[in-house]
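A.B. asks: Reading the sequence shown from the start, the letters are residues 1 to 406 in the UniProt record's numbering. Glycine included, C-beta positions come from ideal geometry on N, C-alpha and C. Structure below; questions to follow.
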Amino acid sequence: MFQSIQRRPIALCEISVCAVRFQSSNALRQGIGKGKSVTTSWMGRRMGLLLSWLQRSGVGTSEKARYDKKKQGLLSIFANHCSFVTGQRLRRAHQIGELYSNLYSERTRWTLVGSIWRRLQSKHASTGKLVAALAGVFMWEDEKVRDEELHRCGLELQALEKVKNLSTSSEKEKAAGQVETGWEVVMEKNNFKVWRRPIEGSHLWEYRVLGSYNDVTPRQFFNVQLDTEYRKKWDALVLKLEVVDRDVNTGSEVVHWATHFPYPMYSRDYVYVRRYDVDVENNLMVLISRAVQHPGVPETQDYVRVHSYQSKMVIRPHKTFDENGFDYLLTYSDDPQTAFPRYCVSWMVSSGMPDFLEKLHTAALRAKNLEVGIYDYASVVKSNDTKHQPSQDRLGDNTRPGQIYA
1 MFQSIQRRPI ALCEISVCAV RFQSSNALRQ GIGKGKSVTT SWMGRRMGLL
51 LSWLQRSGVG TSEKARYDKK KQGLLSIFAN HCSFVTGQRL RRAHQIGELY
101 SNLYSERTRW TLVGSIWRRL QSKHASTGKL VAALAGVFMW EDEKVRDEEL
151 HRCGLELQAL EKVKNLSTSS EKEKAAGQVE TGWEVVMEKN NFKVWRRPIE
201 GSHLWEYRVL GSYNDVTPRQ FFNVQLDTEY RKKWDALVLK LEVVDRDVNT
251 GSEVVHWATH FPYPMYSRDY VYVRRYDVDV ENNLMVLISR AVQHPGVPET
301 QDYVRVHSYQ SKMVIRPHKT FDENGFDYLL TYSDDPQTAF PRYCVSWMVS
351 SGMPDFLEKL HTAALRAKNL EVGIYDYASV VKSNDTKHQP SQDRLGDNTR
401 PGQIYA
């Protein structure tokens, strides 16, 4: 029935005016009594000072609020401007990318991107590594297998061949001591010999196998090790094996490999970079693999990741790459992340390595007898001697070129 009347807020200035009136009214009452007038006037002055201070602080607070509001408005305008400029640059980069994709092939584009990335690394190494880590980019310049490592593997085989060709045992022991120290014989059979030595600063062993085959060609043995699709057929322990990345300049590849381990251990997976080379001048075939960390293959709960792994295989034909007979040197070490004692791990590796080599030999014989078709990596390396790289179609499992009997 009755309309509500809004109460008008009382301003600080009005309060001060009331205080002044209160002081003046007190002054009129001074005739009432001396004691009362003195006390009342003192209280009025104090009240007036208090209210005037409140008024000044209220004015300052309102000014600060207006300043903050203006500052927020400027920041909002600046943020909108930055987002507009960033969006424009991204659109321009996308347009440039589409232009280059229409002008150049995929291989040429990767070469261009790689050269730009290496130039950035050479000028700003620390910044480049930080950007790569944030963007999830694999640092090929730091992780790739270098030419010096391939050359060093060939020298190791040559040194052992000199020891093998000596006649007396005393000469062999003397020459072996000059080559490398610390190796002890673990196993010796007709077609191979196994050594081991402790890895300095760890509980692990490094193993070395020197052997030979006379019923398969070096090319077949070499290709069988590299063909990931064929290994899924002849190695029953493989759970997963695929090439996930490749360096177009050196031919180095990053491989993800998951394998069964003996019960009761969990399955293990490896992420490693590998590089292979055919040295026609020195009549050698070299394959090097070692563990790396790749942003495209994070660790999962399905497997136990092996972070310490290295394998080096050197093959020397007795005659040519396509005639039966060759010697090989395999150097291997890894940390399988087990809780077993050191001697148990040593027994598993020393007994499992000959079994793996026998499977590899049998698979090479099947390839020789044309029972399966495998990709000929050796011919690709020799035909592209300046680049040492196979076709880009080999990356991943989705595409695969025509099989070649090798």
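1. Quick check on DSSP: helix, strand or coil for His256?
2. So, Leu204 versus Asp335, is the Cβ gap smaller than 8 Å?
3. Assuming the contact rule is C-beta atoms closer than 8 Å, Tyr272 and Tyr309 should be a hit. Round their C-beta distance to whole Å, please.
4. Are the CB atoms of Val238 and Val254 within a distance shorter than 8 Å?
5. Where Leu134 and Ser351 are concerned, what is the direct C-alpha to C-alpha distance, given to the nearest angstrom?
6. Return the chain-ordered list of same chain residues with a C-beta closer than 6 Å to the C-beta of Arg208, the five sequence neighbours on each side being excluded.
7. What does DSSP give as the partner residues of residue 411 in its beta bridges?
8. Kindly confirm or deny that the region 362 to 376 and the region 299 to 317 touch, where touching means at least three C-beta pairs closer than 8 Å.
9. Is Gln225 helix, strand or coil by DSSP?
10. Are the Cβ atoms of Asn223 and Ala378 separated by less than 8 Å?
11. Below 8 Å between beta carbons: does that hold for Leu210 and Phe221?
12. Which residue from Glu161, Met285, Ser289 puts its Cα closest to that of Phe321?
13. How many angstroms separate the CA atom of Lys162 from the CA atom of Arg275?
14. Are Leu287 and Gln225 closer than 8 Å when you measure CB to CB?
15. Along the chain, where does the alpha helix (DSSP H) containing Glu143 start, and where does it finish?
16. Run through the region 178 to 203 for me and flag every whole beta strand (DSSP E) of 3 or more residues, listed as ranges in chain order.
17. Which residue comes first and which comes last in the beta strand (DSSP E) that contains Asp245?
C.D. replies: Walking through what the data contain:
1. Three-state DSSP puts His256 in a strand.
2. Their beta carbons are under 8 Å apart, which means Leu204 touches Asp335 by this criterion.
3. Right, the Cβ-Cβ distance comes to about 6 Å (below 8 Å), so this counts as a contact.
4. No; because the gap between Cβ atoms is not below 8 Å, this pair is not in contact.
5. Annotation note: pLDDT 46 at Leu134 (below 50); position unreliable, no value reported.
6. These residues qualify, in order along the chain: Trp195, Thr331.
7. It is not possible to answer for residue 411, since the shown part of the chain is limited to 1 through 406.
8. Result no; under three Cβ-Cβ pairs closer than 8 Å.
9. In this structure, Gln225 counts as helix in the three-state DSSP scheme.
10. In this structure, Ala378 lies closer than 8 Å to Asn223 by Cβ.
11. No, these two residues do not count as a Cβ contact at 8 Å.
12. The closest CA to that of Phe321, considering only Glu161, Met285, Ser289, is found on Met285.
13. If I take the Cα positions, the gap works out to 26 Å.
14. A contact, by the Cβ cut-off of 8 Å.
15. Unbroken alpha helix (DSSP H) run through Glu143: 140 to 143.
16. Segments of the beta strand (DSSP E) lying fully in the region 178 to 203: 184 to 188, 192 to 198.
17. It spans 238 to 246 - the beta strand (DSSP E) in which Asp245 sits, taken as one unbroken run.
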